[in-house]
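Keeping their order, the protein sequence lines are chains A and B. Letter 72 of the first sequence, counting from 1, is numbered 72 in this note's numbering, and no numbers are missing. Letter 144 of the second sequence, counting from 1, is numbered 144 in this note's numbering, and no numbers are missing. Ideal placement from N, C-alpha and C gives every residue a C-beta, glycine not left out. Remember, predicted model here, so these are calculated numbers, not experimental data. The block underneath contains the structure these notes are about, expressed in structure tokens.
There are 2 protein chains.
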Amino acid sequence: MSAVPVETSRDRRRQAIIEVARRIFLENGYGATSMSSIAAAVGGSKGTLYAYFRSKTELFSAVVQDISGQFGETEFSLAVQGSDLKRDLIAIGSRLMTFIRRPEAMAMQRLVIGEAERFPELGQAFYDAGPRRKLAALATAFETLMEQGRLRRGDPTLAAEHFFALCQARGHHRVLWNVGPAPDAKHLRAEIEISVQAFCDAYAPSLAPLPVAERQGCEPRSKPHSLASV
Amino acid sequence: MSAVPVETSRDRRRQAIIEVARRIFLENGYGATSMSSIAAAVGGSKGTLYAYFRSKTELFSAVVQDISGQFGETEFSLAVQGSDLKRDLIAIGSRLMTFIRRPEAMAMQRLVIGEAERFPELGQAFYDAGPRRKLAALATAFETLMEQGRLRRGDPTLAAEHFFALCQARGHHRVLWNVGPAPDAKHLRAEIEISVQAFCDAYAPSLAPLPVAERQGCEPRSKPHSLASV
DNA sequence: AAAAAACCGTACTGTACGGTACGAATATCT
DNA sequence: AGATATTCGTACCGTACAGTACGGTTTTTT
Chain A
1 MSAVPVETSR
11 DRRRQAIIEV
21 ARRIFLENGY
31 GATSMSSIAA
41 AVGGSKGTLY
51 AYFRSKTELF
61 SAVVQDISGQ
71 FGETEFSLAV
81 QGSDLKRDLI
91 AIGSRLMTFI
101 RRPEAMAMQR
111 LVIGEAERFP
121 ELGQAFYDAG
131 PRRKLAALAT
141 AFETLMEQGR
151 LRRGDPTLAA
161 EHFFALCQAR
171 GHHRVLWNVG
181 PAPDAKHLRA
191 EIEISVQAFC
201 DAYAPSLAPL
211 PVAERQGCEP
221 RSKPHSLASV
Chain B
1 MSAVPVETSR
11 DRRRQAIIEV
21 ARRIFLENGY
31 GATSMSSIAA
41 AVGGSKGTLY
51 AYFRSKTELF
61 SAVVQDISGQ
71 FGETEFSLAV
81 QGSDLKRDLI
91 AIGSRLMTFI
101 RRPEAMAMQR
111 LVIGEAERFP
121 ELGQAFYDAG
131 PRRKLAALAT
141 AFETLMEQGR
151 LRRGDPTLAA
161 EHFFALCQAR
171 GHHRVLWNVG
181 PAPDAKHLRA
191 EIEISVQAFC
201 DAYAPSLAPL
211 PVAERQGCEP
221 RSKPHSLASV
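Right under this line is the structure:
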């Protein structure tokens with residue numbers, strides 16, 4: 001644990017390379033991106049590039065890690081504060097969708113999904129840093145609501161997944177498959193309002209508790225994401 | 001409209017090539033698949049390959065079209081026949097999930113999503129042939145149920161999308177991102193049972209009708225998928 | 001059987017890639 | 001200023017790729 005996070009010039013340069021590389025990887029995909037083009041865009045030489053990253057896969061890995069970190073660190077409230085549950089959920093859903101539907105975020109998802117079979121660690125790292133964290137935060141909020149009797153009892157994590165799924169139901173696959181334009185703010189809002197209504201009805205506290213299914217392994221709960229090598 | 005679908009030997013060979021190419025594309029992705037390897041796997045020469053397909057992109061397009069066709073043509077009942085709605089929905093959900101979670105189907109989704117930005121027509125064609133059709137069939141069934149007062153009134157297509165989303169909620173993203181193993185049959189079943197329960201509660205006929213949001217353009221209803229060129 | 005078409009194997013072209021080598025230029029540190 | 005580390009530009013290596021060319025061979029048609 002170093003006390004002061006020294007920001008050497010090397011670190012800055014490394015970060016600059018990552019940011020340029022990110023743009024190009026996101027635009028062109030992994031296979032269609034050449035190290036030469038990255039070096040040219042970064043304004044340096046290829047030799048320098050290889051002084052910072054030993055290979056193309058290592059640079060790619062660094063880029064995905066970097067974005068994953070941003071995904072995880074981008075905080076927005078997932079807490080339910082007010083007395084109007086529906087209203088709060090609409091706000092949460094809007095923030096979530098606005099966040100993950102940004103063009104850059106979509107490009108990232110396409111990139112990681114497309115390479116998930118060849119770079120399994122990256123899919124894992126991205127999921128851990130992004131979706132898993134958000135789901136966990138949401139689940140915590142839902143757990144409290146369940147205990148307060150404001151939400152139907154059941155598996156809080158599954159409730160979070162259901163909430164997320166309902167919010168994405170209409171638009172996400174279209175966007176993922178690049179079918180038609182992304183919904184504008186107005187449609188997104190209407191979409192979420194109906195989804196939240198459906199969610200609130202499905203999880204009305206007056207209903208009998210939902211069964212809690214045993215969860216299949218693969219939850220490294222307290223392991224953020226090491227990803228030492230790729 | 002030719003009266004008889006003559007199956008020439010050329011057609012058969014073309015189909016054989018497509019089937020081999022499909023396997024290799026699905027295994028390796030678009031960029032990492034070479035025409036030479038396809039020719040070798042097909043047992044022919046590269047010249048022959050180019051006698052059937054003018055370019056790599058054209059072959060890729062043919063492959064995606066072919067699979068899309070299979071996705072669309074693979075029929076399984078999405079109708080609700082019995083008096084036990086929940087039971088029928090569980091059966092439908094199971095069939096749907098089993099179908100789209102096959103390793104080949106998952107590889108296909110990853111492939112199309114990964115290339116969706118560079119081959120927009122393919123994303124569209126796949127969506128039209130696969131998900132859109134299933135959703136439309138399900139929506140038809142739901143519309144009837146709504147009219148019969150067995151399901152809450154609202155937009156039937158949105159209801160189908162919600163149903164689909166709830167069924168996928170837990171496992172799909174994990175599978176798409178290649179995080180952990182795919183759920184086995186037992187877990188899948190339990191997952192779907194809870195999802196269907198939530199859906200039935202969200203769409204209980206006793207609830208007030210859901211608002212019907214105006215749908216954003218991009219529904220070429222009566223246009224199957226031409227995809228003349230890529 | 002003769003003619004036509006399709007196919008095969010192989011070699012080739014041009015290009016692009018990941019990665020390396022190296023001397024010159026530049027910046028950084030003491 | 002002098003020593004040191006870093007960066008630059010460029011050329012290069014080996015490889016692999018999409019796509020073409022072509023002569024010999026098999027299959028199909030007439």
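Cut-off 7 Å between Cβ atoms - residues of its own chain near residue i, not counting five sequence neighbours on either side
i: Val-64(A); result: Val-112, Leu-122, Ala-125, Phe-126
i: Ala-21(B); result: Ile-38, Leu-59, Val-63
i: Pro-205(B); result: Gly-149, Arg-150, Leu-151, Arg-152
i: Val-80(A); result: Asp-88, Ala-141, Leu-145
i: Gly-93(B); result: Cys-167, Ile-192, Ser-195, Val-196
i: Ser-229(A); result: The pLDDT assigned to Ser-229(A) is 31, lower than 50, so where the model puts this residue is not dependable; a value taken from the coordinates is nonetheless given after this. Contacts found: none.
i: Arg-10(B); result: none
i: His-172(B); result: none
Reference residue i, options the options, closest by Cα
i: Glu-73(B); options: His-162(B), Arg-13(B), Pro-131(B), Ala-202(B); result: Pro-131(B)
i: Ile-67(B); options: Glu-117(B), Leu-176(B), Gly-82(B), Gln-15(B); result: Gln-15(B)
i: Arg-189(A); options: Tyr-203(B), Pro-211(B), Glu-193(B); result: Pro-211(B)
i: Leu-166(B); options: Thr-144(B), Glu-191(B), Leu-145(B), Ala-185(B); result: Glu-191(B)
i: Arg-174(B); options: Arg-95(A), Tyr-50(A), Asp-128(A); result: Asp-128(A)
i: Thr-57(A); options: Pro-120(A), Glu-147(A), Gly-180(A), Ala-139(A); result: Pro-120(A)
i: Arg-118(A); options: Tyr-50(B), Val-196(B), Trp-177(B); result: Trp-177(B)
i: Ala-160(B); options: Ala-198(A), Gly-180(A), Tyr-52(A); result: Ala-198(A)
i: Leu-96(B); options: Ser-61(B), Ala-40(B), Ser-9(B), Arg-133(B); result: Arg-133(B)
i: Tyr-52(A); options: Pro-181(A), Arg-12(A), Ala-139(A), Ala-105(A); result: Arg-12(A)
i: Ala-185(A); options: Glu-75(A), Thr-8(A), Arg-101(A); result: Arg-101(A)
i: Phe-233(A); options: Ala-105(A), Gly-44(A), His-172(A), His-187(A); result: With chain A covering 1 to 230 only, the question about residue 233(A) has no answer from this structure.
i: Leu-158(A); options: Ala-139(A), Ser-9(A), Arg-54(A); result: Ala-139(A)
i: Ser-55(A); options: Leu-26(A), Ser-34(A), Ala-40(A), Gly-44(A); result: Ser-34(A)
Cβ separation of residue i and residue j, assumed to be a contact under 8 Å, to the nearest whole Å
i: Asp-155(A); j: Ala-208(A); result: That pair is no contact at about 14 Å.
i: Asp-201(A); j: Ala-107(B); result: Not quite, the Cβ-Cβ distance comes to about 37 Å (not below 8 Å), so this is no contact.
i: Leu-49(A); j: Ile-17(A); result: 7 Å
Residue i vs residue j beta-carbon contact at 8 Å
i: Leu-135(B); j: Phe-164(B); result: yes
i: Ala-116(A); j: Arg-110(B); result: yes
i: Pro-183(A); j: Gln-216(B); result: yes
i: Thr-46(B); j: Ser-61(B); result: Per the sequence presented here, residue 46(B) reads as Lys, with Thr not at that position. No; because the gap between Cβ atoms is not below 8 Å, this pair is not in contact.
i: Asp-180(B); j: Gly-114(A); result: In the sequence as presented, Asp is not what sits at residue 180(B); that position holds Gly. Taking 8 Å as the Cβ cut-off, Gly-180(B) and Gly-114(A) do not qualify as a contacting pair.
Own chain residues within Cβ distance below 6 Å of residue i, not counting five before or after
i: Ala-137(B); result: Leu-78
i: Glu-143(A); result: Pro-156
i: Gly-82(A); result: Asp-88
i: Val-42(B); result: Ile-17, Val-20
i: Phe-76(B); result: Arg-95
i: Gly-44(A); result: none
Same chain, Cβ closer than 8 Å to residue i, five either side skipped, listed in chain order
i: Leu-26(A); result: Glu-104, Ala-107, Met-108, Leu-111
i: Gly-162(A); result: The identity of residue 162(A) in the sequence shown is His, whereas the question assumes Gly. Answer for His-162(A): Phe-199, Ala-202, Tyr-203, listed in chain order.
i: Gly-69(A); result: Ala-129
For the segment 27 to 34 of chain A against the segment 86 to 103 of chain A, do three or more pairs of beta-carbon atoms, one drawn from each stretch, fall closer than 8 Å, so that the two count as touching? no
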